[in-house]
Amino acid sequence: MLCWSCRQPASGHFCPSCGKIQPAQATDYFSFFSLPRKLNIDLPSLEREFYRLSRKLHPDLFARGSAQEQEWSTEKTSQLNDAYRTLKDPIARTGYLLELEGVKLEEQSRSATDAARQTGAEKKQVVPPDLLEEVFELNMQLEEMRMNKQVGEDDPNIVRDLQQAQQHFEQKLNELTTELQNDWNEWDALIPAGSTEPQDQQARIRVRDKMVDLLNRRSYIRNLVRDVNEALS
Amino acid sequence: MNNELIVGIDLGTTNSLVAYMQGETPVIIPGEDGSNLVPSVVALDNHGQFVVGNPARKILIEHPERAIYSVKRLMGRGIEDIQDELKLFPFRIAQDVEWGEVLRIKLGERELTPPEISAIILRQLKKNAERFFAAPVSKAVITVPAYFNDAQRQATKDAGRIAGLDVVRLVNEPTAASLAYGLDKKKDGIVAVYDLGGGTFDISILKLHEGIFEVMATNGDTHLGGDDIDNRLLAIAMDDIANDLKLDIRRSGEAVQALRKAIIETKIALSAKTEANIDVELPQGKRYQRTITRERFEQLAEPIIQRTVQPCKQALADAKLQPDQIDEVVLVGGSTRIPRVHTLVKELFQREPHTELNPDEVVALGAAVQAHILSGGSAVTQDMLLLDVTPLSLGIEALGGVVAKIIQRNSTIPASATEHFTTGVEGQTSVAIHVVQGERELASDCRSLARFDLKGIPPMPAGLPRIEVKFLIDANGILHVSAREQRSGKEAEIEVKPTYGLTDDQVEKMILDSFDYAEEDFQRRQVIEARNEAEIILTALEKGRRAPVWQRLSEDEKTQIAQREAELNGARKGNDYKQIRGAVDALNQATMNLAELMMDSAVSSALKGKNMDKTEMEGGPTQSHPIAPAEITND
Ligand SMILES: Nc1ncnc2c1ncn2[C@@H]1O[C@H](COP(=O)(O)OP(=O)(O)OP(=O)(O)O)[C@@H](O)[C@H]1O
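Protein sequence lines correspond, in order, to chains A and B.
With the first sequence counted from 1, adding 1 to any position gets you this note's numbering.
With the second sequence counted from 1, adding 1467 to any position gets you this note's numbering.
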């Protein structure tokens, strides 16, 4: 690639010859920070790098530049911000990596639930088998709580049960976080030094699928916690 | 490269200010009347000319129908949004404004949109700055409430353009305030900025780190401020008047304005005293008199002040912080002078808030700092960089009217999101997209930003086209959309129809319509001002010729003066203000000695206890001037 301004060979954010900002390129978030696709990330150094790049790329520094340079700076900074926001959050980071690995995570979000309700469509939401019994019980309690609310009654037993369920599921979320850490370590170990991706394709898919399952369970439980909180409020 | 002149503007609900960076400190540029605050009031005078600020406020009291205030409340809003405000504010909305349309407000014979009215205020500030610098000013940083949505920001930017200003950046008010504080503090830590002004409330939480001002979370209410307290007191006073004095003043604009003014004065007095009187003359020779204690006032204002609590809690939660993790709290906005607000903030953040900087001025000062940074900066601002966030989530209306969020609130800007769309019917060539802003689950509860059609999709079986749409929120917090059909590689056309905004064509037309704008306006005003200066010095010279000291000048000096006088008389017939100014300066130089002689004689006569020789000095310049210094004229 030649620099648009001085026509010398250029790569990276700035031309090595004349220092002008270069057009924004499509890139994944790990590459933007020149990181391998590892899930254990040193957050303080990620933050330092974010600040360092902000000081070079932010549109404030190009207020006197051409419209084209301003546009590139805005685009690059949006990539930087999007990448930083995603990578600094453990769950968002994991989800993003799985997307890069070609997985479409199940829609467990609130809006998907509502959309399903509105359209009457069956929502793809598989109850994790080991939770089946607990979820069944919880749903009954929630139903009872709602009915109580409708008639303006207050059953302290139900409230107590729900509070217990709330604690129980939050405990489960914590366990999942520990489990996720193990998966991260396993994934990262697959990436040989000097490489950005796992080389062992079989292991790659195995660990990937473990994490997909874990994130789905996690968002399922989070939705349960949300429903309980709503019922209790 | 030389730094360009960019001014910082606080376009407030109640007051507006313009500031710039003088060396290492930001300073406010005063208006012609010497005051820093320009009331955000626009009125039509007897000659059908727009006036702004204090003169407009006078007209507001006497002829409320010819004046508009608090127009910021209407920026970027539609008729359906403002039904509640209309009960409280005497906005005269044109009858034929329809839902989803930009508002038009009646002022005299004319109908103006909110951006046009704001532009009149901006033009006044621009003029004040140009007078101050004696040079054109064409670039500005304008502040907006952090919680302003896309439409409100766009409307503010449009107002700048209509006023002939290139709006280099929109900066959030609390963030600007933190810049003004950070400039001399230079300390790392977590800062909360609580900004309660005339019409809006913002709370922002920032992390300061080696000159980077990183906003962690922001929240607020764009319709909460001192105005609301005034309205509540006004409603109570009007009830009192109806009950006790058997007088209904609701229909009388003048009486309401007089009462409103008195209430605001009382409110302000109660920030310093524990008791204040309200005393207003009403129609039919009646009079409303009351004594209000601070306690009673606080009782009445409490529900409004309490409305700031939830946004503060939400901002803390979004920043994942406990109140005790906040290192500093800064108070911004005139309404934070209310003692109860002060104590509430102290309770909320468990910390004594900062009030070193004038809360009315700090936002404009911060805007000047940001303007300075954008113009290239200097040693003081070298390491300073603002990283702001978008206050509201951005979403797309999905099936069943629910919102699919694509950019979460409190994301650092610029921020972007890419979404893919397809067709539902065979051969479909366009797809409609509805973009909304807000936190609610249903699109109908969120703010509609724009609807657009992706057009020019090549006919294909249903579900086959893959249209990639990129949403980008820029550093001003304003949304840009672009789209591409990926299978054909064709750039899809987008026609964005802003829901409550002005189209580009409308803005262009308004720029043309606003008769006095930009360069041409500046030239004309400079010529008028230069001619006035010429007039002043020539009149003074006339007086000097008749003064006894004239005889003490040498013949040579007298010829010099006559020559310069002739040159100035020639120049002031022309339209070149630089030539006129040059000739004025030359005549100033030539009459230096005369001026000194006159001053000496004036001083000695004053010392002798005589009255000033009125005939000699009358009509002379009142500004400092070589021929007769202003200090001596005693009028
Ligand atoms: N001493 C005081 N005590 C109480 N209220 C005051 C005092 N001084 C000013 N105010 C109120 O502060 C408000 C104006 O504040 P400010 O100038 O900061 O707002 P603004 O910038 O015009 O508004 P906004 O930021 O909402 O757009 C008015 O409602 C005014 O009545």
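Glycine is no exception: its CB is placed at the ideal position from the N, C-alpha and C atoms.
Comparing alpha-carbon positions, the option among K77/A, D131/A and H59/A lying closest to E1681/B turns out to be H59/A. Distances between the C-beta of I1805/B and the heavy atoms of ligand 1 include at least one below 7 Å. Not one heavy atom of ligand 1 lies closer than 7 Å to the C-beta of N1698/B. Shown here, V1808/B sits in a helix according to DSSP, grouped into three states. Taking a beta-carbon distance threshold of 8 Å, D1617/B does not count as an interface residue toward chain A. With a cutoff of 7 Å, K1539/B counts as near ligand 1, since its C-beta is closer than that to a heavy atom of the ligand.
At least 8 Å separates the CB of R223/A from every CB of chain B.
For the pair E2009/B and D1500/B, the Cα-to-Cα distance works out to about 29 Å.
Bridge partners of T1758/B according to DSSP: N1744/B. In this structure, G1498/B sits near V1505/B, with a CB-CB distance shorter than 8 Å.
Distance from the CA of L1484/B to the CA of E1864/B, rounded to the nearest whole angstrom, comes to 39 Å. At least one heavy atom of ligand 1 lies closer than 7 Å to the C-beta of P1826/B. Listed by position along chain B, the residues whose Cβ is nearer than 8 Å to that of T78/A are P1881 and A1942. For N1877/B and I1716/B, the gap between their C-alpha atoms comes out near 46 Å. Residue-level contact by beta carbon fails for S234/A and chain B, as no gap is shorter than 8 Å. Not one beta carbon of chain A lies nearer than 8 Å to the beta carbon of V1948/B. Contact residues of the stretch 65-99 of chain A toward chain B are R65, T75, E76, T78, S79, Q80, N82, D83, Y85 and R86 (C-beta to C-beta distance below 8 Å). Look at the beta carbons and you see the stretch 1531-1551 of chain B touching the stretch 1581-1595 of chain B: at least three pairs across the two are nearer than 8 Å. Short note on P1612/B: C-beta closer than 7 Å to some heavy atom of ligand 1. One alpha carbon belongs to T1610/B, the other to R1533/B, and they sit about 27 Å apart. Taking the CA atoms as reference points, G1649/B sits about 10 Å from I1679/B. Under the Cβ distance rule, H14/A does not count among the residues neighbouring chain B, no pair being separated by less than 8 Å.
Excluding sequence positions up to five before and after L1663/B, its CB lies within less than 7 Å of the CB of G1692, T1775, G1800, S1802, T1803 and V1808, all in the same chain and listed in chain order.
Proximity of E1471/B to chain A, defined by a Cβ-Cβ separation below 8 Å, is satisfied. Rounded to whole angstroms, P1493/B and A1647/B show a C-alpha spacing of 8 Å.
Residue contact check for S1605/B against chain A: no CB pair falls below 8 Å.
For the stretch 133-164 of chain A, the set of residues with a beta-carbon nearer than 8 Å to any beta-carbon of chain B is empty. Close to P45/A, with beta-carbon spacing below 8 Å, lies no residue of chain B; the smallest spacing is near 12 Å. Within the chosen limit of 7 Å, ligand 1 does not reach the beta carbon of E1742/B with any heavy atom.
Judged by DSSP in its simplified three-state form, K1573/B adopts strand. With respect to I1657/B, L1788/B sits close: the two C-beta atoms are nearer than 8 Å.
P1926/B places its beta carbon less than 8 Å from that of G1894/B.
Rounded to whole angstroms, the gap between the alpha carbons of L2005/B and A1601/B is 22 Å. The beta-carbon of I1495/B is placed no less than 8 Å from the nearest beta-carbon of chain A. At a cut-off of 8 Å between C-beta atoms, I1588/B does not count as an interface residue with respect to chain A.
With a threshold of 8 Å between beta carbons, I1679/B makes contact with chain A.
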